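Shown next, in structure tokens, is the structure this report addresses.
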Amino acid sequence: MPYLSCTDTRRHLREVLDRAEAGLPIGIRRHDSLVALIESGRLREILMHSRRLPRPEAVAEAGGWSVFLPGTPVAADGADLDEAVDEFVSALREYAEDWQERLRLTPNQQQHWPLVQFVSLASDSDLADWTRGSGP
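Below you can see the structure in the form of structure tokens.
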């Protein structure tokens, strides 16, 4: 994969972005750090199908529905499945914000990096479809 310095990246930003959008390997080197660039839709698809990303589960109980993500603190309830899914999408967004602000530093939450990336890259509609098992 070609890695460009920050200076070269700035100089050739249009070409760098064109490569990433086309799905071609490209990265940036800064001191000893290497960063790979990938178009967000491709990364979302990769994460969605990753075995490291748990799958939401929905359960009818007590006259309503509960949706939860095994192995995470993300869960929601609703009077019907649609309401539970809407609440679950909100809970995913809240968790992703909390993770970025502070939970990423907590040892028992660090492994949820793929989930946070996926939530950050997906629309609410994508997340609702994913929760129902049909997309994005």
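Residue 97 in my numbering sits at position 94 of the sequence shown; the count goes up by one each step and never skips.
Idealized CB from N, CA, C, for every residue including glycine.
Remember, predicted model here, so these are calculated numbers, not experimental data.
- Look at the stretch 28 to 87 and you find these whole runs of beta strand (DSSP E), each 3 residues long or longer: 30 to 33, 36 to 39, 60 to 64, 67 to 71, 78 to 81.
- Following the DSSP letters along the chain, one finds Ser8 inside the beta strand (DSSP E) bounded by residues 6 to 8.
- Apart from the 5 residues on each side of it in sequence, Ala78 sits with its Cβ closer than 8 Å to the Cβ of Ser69, Val70, Phe71, Leu72, Phe91, Ala94 in its chain, given in chain order.
- Contact check for Leu124 and Arg47: beta-carbon distance about 4 Å, within the 8 Å limit, so the pair qualifies.
- Excluding five sequence positions before and after Ala23, the CB atoms of its chain that fall closer than 7 Å to its own CB belong to Ile29, Leu40, Ile41, Glu42, given in chain order.
- Annotation for Glu60: Val70, Phe71, Leu72, Pro73 place their beta carbon closer than 8 Å to its own, counting only its chain and skipping 5 residues before and after.
- C-alpha of Arg55 to C-alpha of Gln113: approximately 12 Å in a straight line.
- A direct Cα-Cα distance of roughly 47 Å separates Leu7 from Asp85.
- When the alpha-carbon of Val38 is set against those of His52, Ser53, Cys9, Met51, the nearest one is in Cys9.
- At a Cβ-Cβ threshold of 8 Å, Val62 and Arg135 do not count as neighbours.
- Annotation: Arg45 to Phe121 spans about 11 Å, alpha carbon to alpha carbon.
- If you ignore the 5 residues before and after Gly26, its C-beta comes within less than 7 Å of the C-beta of Glu42, Arg45, all in its own chain and listed in chain order.
- Around the Cβ of Leu50, a 10 Å sphere holds 16 or more other Cβ atoms; the residue is buried.
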